[in-house]
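*Asks:* Residue numbers (our numbering): 92 to 344.
For each residue, glycine too, the CB sits at the ideal point set by N, CA and C.
Just so it is clear, the structure is predicted and the values come from calculations on it, not from any experiment.
Once you've had a glance at the structure underneath, I'll fire off some questions.
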Ligand code: PGA
């Protein structure tokens, strides 16, 4: 079964408003070299979503947020709900990024609640899993990502799971320039695919996109995206320049 490749840019906590608008415009203007068969999203900081929404509207580039809160509304100072995100034109939301897991105390059970809330609002969640260097060196990669997957997504219904995008992001490869080899990444993706099959069944496993994330650049994208179980990329640093983000998108045919 063929899965539509999906390239998403995670801008993290970077850029000004003007830079965000210019970057989004640069991406939209450069779409000529990107196949219409590639799904694209950019995920600016919350405060720039509205401005970027106006730029990407009607283009191949979807809008995503980097986080949300699982409650619908109410006294949750500083938080942003799924409905607020759809209200300003978001179609995607990144959930459980390793930076949030490590620095902001996000647990699997919080990731699960956020994923459910995103799905209920009609957003496509991009749910992240990945091992640290220490865990990899201890031979625990499979154990760790399987446990994150089950804790974060295991209680979803099959209908919900069918709308999830998974992102495998080895923590040691994020922002470090140390990319996983295509073989290392493919091994984990295939392992996750097997877990999805045993948990949710063949059809869901065949359909679920699994992005790789961690130092993806135009010059390593082709080989990574060429692996049978790598269906896209979640791009941090290289998404902050239109040219490199588009270069990665062009490699995903
Ligand atoms: P990076 O980040 O591409 O800068 O390594 C990836 C991510 O954190 O999503």
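What span of residues does the alpha helix (DSSP H) with residue 294 cover, start to end?
*Replies:* 293 to 298
*Asks:* At a cut-off of 7 Å, is residue 158 close to the ligand PGA when judged by its beta-carbon and the heavy atoms of the ligand?
*Replies:* no
*Asks:* Could you name the residues that DSSP lists as bridge partners for residue 181?
*Replies:* Note: residue 181 sits in no beta bridge, so no partner.
*Asks:* Starting from residue 340, follow the alpha helix (DSSP H) in both directions and report where the run begins and ends.
*Replies:* 333 to 341
*Asks:* What do you reckon, is the C-beta of residue 311 under 7 Å from a heavy atom of the ligand PGA?
*Replies:* no
*Asks:* Looking only at its chain, what residues have a beta carbon closer than 7 Å to the beta carbon of residue 269, apart from the 5 residues adjacent to it on each side?
*Replies:* 263, 306
*Asks:* Identify whether residue 120 lies in helix, strand or coil by the three-state DSSP scheme.
*Replies:* helix
*Asks:* I need the DSSP call for residue 158, collapsed to helix, strand or coil.
*Replies:* coil
*Asks:* Give me the DSSP bridge partner(s) of residue 153.
*Replies:* 132
*Asks:* Beta-carbon within less than 8 Å of residue 342's beta-carbon, same chain only, minus the 5 sequence neighbours each way: which residues are those?
*Replies:* 309, 312, 313, 316
*Asks:* By DSSP, does residue 253 sit in helix, in strand, or in coil?
*Replies:* In the structure shown, residue 253 sits in coil (DSSP, three-state: anything other than H, G, I, E or B).
*Asks:* Run through DSSP, which three-state label would residue 275 get?
*Replies:* helix
*Asks:* Contact check, residue 147 vs residue 115 under 8 Å by CB: the rounded distance?
*Replies:* 6 Å
*Asks:* What residues in its chain sit with their C-beta under 8 Å from that of residue 143, if we drop five residues either side in the sequence?
*Replies:* 111, 112, 115, 133, 135, 154
*Asks:* For residue 156, which option in 253, 196, 101 has the closest C-alpha, if you only look at C-alpha atoms?
*Replies:* 101
*Asks:* With a cut-off of 8 Å on the beta carbons, I'd call residue 159 and residue 205 a contact; round off their distance for me.
*Replies:* 6 Å
*Asks:* Helix, strand or coil, according to DSSP, for residue 304 in the structure here?
*Replies:* strand
*Asks:* Residue 260 to residue 344, Cα distance in whole Å?
*Replies:* A straight line joining the alpha-carbon of residue 260 with that of residue 344 spans about 21 Å.
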